[in-house]
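Q:
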Amino acid sequence: MENLWALLALVYAALLTFLISKLFYKRRPERKLPPGPKPWPIIGNLNLVGSVPHQSLHLLAQKYGEIMQLKFGKFPVVVASSPEMAKQFLKVHDMAFAARPALAAGKYTSYNYMDMAWAPYGPFWRQARKPVVLRDHLCRHTLSTISRMVLGRKYFSESGDDKSSIVKLDELQAMMDEWFLLNGCSISGTGYHG
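What follows is the structure, encoded as structure tokens:
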């Protein structure tokens with residue numbers, strides 16, 4: 001008899017919890033999502049992506065259209081399977097898809113996303129990225145200085161337009177690497193590929 005009362009109390013508590021959650025749970029407005037296959041509870045649509053994913057996605061695109069939604073586990077994925085749709089994502093609406101998800105690791109390891117690797121796309125990220133992009137300009141300036149010292153000529157412009165250059169930056173860099181290698185100076189960070 002005691003087990004019956006305990007079971008009845010458990011069923012009553014579960015029913016009460018379910019009803020309260022239905023009453024106070026704010027439903028999200030329905031979003032218009034692209035068509036796609038119905039996902040399984042835990043694995044989502046991973047069972048439809050076989051050992052050759054590009055062929056599986058092509059078959060799904062023939063059935064659901066050039067833009068479709070899949071679920072990989074619990075993560076929703078939108079697949080654009082035509083060049084026109086990919087252009088819409090990557091060129092036209094690129095700012096909407098430029099941000100990264102906010103993860104707890106970024107919040108706690110980089111002082112509330114104050115690092116270039118974890119920062120969301122915006123003015124701070126563009127400012128933090130400038131020293132990284134500066135590497136290309138410094139490489140161009142360094143090679144220009146070396147070419148003037150060693151070869152006595154300026155082989156390309158430091159401004160970045162390779163149209164007025166005699167050789168391209170990559171060609172000059174390969175030439176300088178070969179010259180250092182022939183003279184017995186190994187450059188750290190590069191290996192011999194000859």
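In full-length UniProt numbering, the protein residues as written are 1 to 194.
In this text, a Cβ means the ideal position worked out from N, Cα and C, and glycines have one as well.
Computed from a prediction, not measured in an experiment: that's the story for all the values here.
Taking a contact to mean a Cβ-Cβ separation below 9 Å, would you say Q62 touches P35 in this structure?
A: no
Q: For P76, write down the residues that DSSP places opposite it in a beta bridge.
A: According to DSSP, P76 bridges with K71.
Q: Considering only C-alpha positions, which residue in the set S81, V49, F72, F75 is nearest to Y64?
A: S81
Q: So the candidates are L46, M176, L60, L181; which of them puts its Cα closest to the Cα of M149?
A: M176
Q: Under three-state DSSP, which class holds W40?
A: In the three-state DSSP reduction, W40 falls in the strand class (E or B).
Q: Which value, in whole angstroms, describes the spacing of the CA atoms of I67 and G73?
A: 19 Å
Q: Which stretch, first to last residue, makes up the alpha helix (DSSP H) that contains M85?
A: 83 to 87
Q: Helix, strand or coil: how does DSSP classify P131 here?
A: helix
Q: For D115, name the three-state secondary structure that DSSP assigns.
A: Under the three-state reduction of DSSP output, D115 falls in the coil class, being neither helix nor strand.
Q: Where do the N-terminal and C-terminal ends of the alpha helix (DSSP H) with G106 fall, by residue?
A: 104 to 109
Q: Would you report the Cα separation of E30 and P76, rounded to the nearest angstrom?
A: 15 Å
Q: Under 9 Å between the Cβ atoms of V79 and L59?
A: no
Q: What's the gap between the Cα of L103 and the Cα of A117?
A: 12 Å
Q: Measuring CB to CB, does L48 end up less than 9 Å from P41?
A: no
Q: In angstroms, rounded to a whole number, what distance separates the CA positions of V52 and L23?
A: The C-alpha of V52 lies about 45 Å from the C-alpha of L23.
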